[in-house]
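Under this note's numbering, the final residue of the sequence shown carries the number 1214; numbering is consecutive throughout.
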Amino acid sequence: MKIITKKNFLSTVCVIYTILSVGNILLEAAAMGSFGSLQQNMLTIFLFSFAGTLVLSQHYRLSGLPLLLVAVLQYAVLAIGVLLFTWVSGHFEELHPDAYRDMLCSFSIPYAAAALAYYVTLWLEVKKANQLLQHLKEEKKNENHE
């Protein structure tokens, strides 16, 4: 029995890489006694990736709403989170005058690409499932007529 297959190979590599990267960041921070800017940036990217994935994964809870509205609501929740994160960070270190704009842009562009890829993949999966369902209905209909 294979645990790592062609289907899950890339996601397995990504999980292992993430665990090693976060572990390395935490070990370096423990050894240095503080987080450097690189460690902070990498953990921020991890945090935003986690939040974006979590919010995208919850789309089914809003399945009664139009997809565009769901996407806008998801983005709004995440954008507010990014801005709150930036605001809280400003209490611990001095922010650049364009920090809010820069954080929003550096989050929005990759999130938009990831969300688009996610929803296109979801649409293709739903289309495939609908075709399979239609095929099964036709087979059952043909069996009943025989």
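Virtual Cβ for every residue (Gly too), placed ideally from N, Cα, C.
Met1171 CB to nearest chain D CB: under 8 Å?
-> In the structure shown, chain D does not exist; there is a single protein chain.
Indicate the three-state DSSP secondary structure (helix, strand or coil) for Phe1160 in the structure shown.
-> Phe1160 falls in the coil class under three-state DSSP.
Rounded C-alpha distance that separates Ile1072 from Leu1146 = Using only the alpha carbons, I get a separation of about 32 Å.
Which term fits Leu1095, buried or exposed, when burial requires 16 or more other beta carbons within 10 angstroms of its beta carbon?
-> Answer is exposed; the Cβ neighbour count stays below 16.
Taking just the CA atoms, how far does Asn1109 sit from Ala1097?
-> Near 13 Å, if we compare the C-alpha coordinates of Asn1109 and Ala1097.
Straight-line gap, Lys1196 to Ala1144 (C-alpha atoms, nearest Å) | It is roughly 30 Å from the alpha-carbon of Lys1196 to the alpha-carbon of Ala1144.
Under the rule that 16 or more other beta-carbon atoms within 10 Å means buried, what is Ala1185, buried or exposed?
-> Exposed.
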